[in-house]
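This report concerns only the one structure given below.
In the numbering used here, the protein residues as written are 119 to 350.
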């Protein structure tokens with residue numbers, strides 16, 4: 119009975135997938151499954167929809183026993199940004215397990231192809247939505263940063279006190295710096311005072327008792343003393 123069901127299923131599959139199915143032997147074949155993922159909405163650099171190859175081999179007791187399945191990429195196919203047969207193979211085959219168990223005892227390959235297509239397209243959809251969310255979050259973050267330029271910083275008691283402390287500290291630093299600069303200018307411009315003479319030095323130089331504006335051509339003190347002696 120298993121062989122008869124296998125032959126019947128092969129005939130149905132040949133009619134459904136005339137271009138996609140390739141016979142390998144009486145109990146083995148492969149089907150090219152072309153996916154139809156959601157459009158990225160970007161006409162530039164369009165990516166060709168991915169195609170994966172479902173390998174099917176019937177065990178002798180099929181369909182009472184699960185078919186032996188494998189997946190491979192289409193040879194020489196360009197890489198897809200959100201799908202890789204090599205990377206997603208384990209997830210896809212595991213996703214078929216429930217469908218296999220639910221359909222034991224009846225021909226199931228067409229159902230498996232349908233389920234496989236849905237699983238693969240859902241993987242692509244999930245990744246596209248995740249990329250869209252990430253891009254949107256990046257745009258929102260950039261917009262928030264731009265808006266900060268216009269709204270400034272929200273003032274709270276804490277931020278005001280911090281601003282006041284910083285302002286007062288800055289004013290004090292400026293005052294100290296200006297004072298240091300002023301003192302430096304005064305020190306630079308200061309003239310050195312002349313050395314003070316002793317009384318003896320003043321007497322010898324004839325400067326003792328002279329005030330400002332006195333004639334420097336007066337007689338020296340020694341001649342004045344001689345005249346005083348003669349007069350006495």
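Glycine included, every Cβ here is placed at the ideal spot set by N, Cα and C.
Note that this is a predicted model, so its numbers are computed, not measured.
Asked: The alpha helix (DSSP H) that contains residue 275, what's its start and end?; Found: 275 to 307
Asked: Closer than 7 Å by C-beta to residue 231: which residues in its own chain qualify, once you throw out the five before and the five after it? Chain order, please.; Found: 149, 151 and 172
Asked: Assuming residue 167 contacts residue 243 under a Cβ cut-off of 8 Å, what Cβ separation, rounded to an integer in Å, is found between them?; Found: Not confirmed; about 13 Å, so no contact.
Asked: Quick one: Cα of residue 295 to Cα of residue 273, how far?; Found: 30 Å
Asked: Examine the Cβ distances between the segment 217 to 231 and the segment 120 to 128 and report whether three or more of them are shorter than 8 Å.; Found: yes
Asked: Could you check what DSSP says for residue 251 in three-state terms: helix, strand or coil?; Found: helix
Asked: Determine the extent of the alpha helix (DSSP H) in which residue 123 is found, giving its start and end residues.; Found: 120 to 134
Asked: Starting from the C-beta of residue 137, find all residues in its chain whose C-beta is less than 7 Å away, skip the five residues before and the five after it, and write them out in chain order.; Found: none
Asked: Can you tell me the Cα-Cα spacing of residue 212 and residue 266, whole angstroms?; Found: 49 Å
Asked: Just verifying my parser: in three-state terms, what is the DSSP assignment at residue 139?; Found: strand
Asked: Flag this pair as yes or no: are the beta carbons of residue 228 and residue 153 separated by less than 8 Å?; Found: no
Asked: Does the distance from the C-beta atom of residue 175 to that of residue 146 stay below 8 Å?; Found: yes
Asked: With respect to the beta strand (DSSP E) encompassing residue 182, which residues constitute its N-terminal and C-terminal limits?; Found: First-last for residue 182: undefined, no H or E at that position.
Asked: Which value, in whole angstroms, describes the spacing of the CA atoms of residue 141 and residue 246?; Found: 35 Å
Asked: Do residue 134 and residue 184 have their C-beta atoms within less than 8 Å of each other?; Found: no
Asked: Provide the residue span of the beta strand (DSSP E) that contains residue 169, from first to last.; Found: 169 to 175
Asked: The beta strand (DSSP E) spanning residue 224 covers which residue range?; Found: Where residue 224 is concerned, there is no enclosing beta strand (DSSP E), given that its DSSP letter is neither H nor E.
Asked: First and last residue of the beta strand (DSSP E) that includes residue 150?; Found: 146 to 152
Asked: Does the beta-carbon of residue 161 have 16 or more other beta-carbons within 10 angstroms, so that it is buried, or is it exposed?; Found: With a pLDDT of only 44 at residue 161, under the threshold of 50, the placement of this residue in the model should not be trusted, and no figure is reported.
Asked: Using a Cβ-based criterion (distance less than 7 Å to any ligand heavy atom), does residue 133 qualify as near the ligand FMN?; Found: The ligand FMN is not among the ligands present in this structure, which contains no ligands whatsoever.
Asked: Can you round the beta-carbon distance between residue 238 and residue 170 to whole angstroms, since I take them to be within the 8 Å contact cut?; Found: 7 Å
Asked: What separation, rounded to the nearest whole angstrom, lies between the Cα atoms of residue 316 and residue 291?; Found: 47 Å
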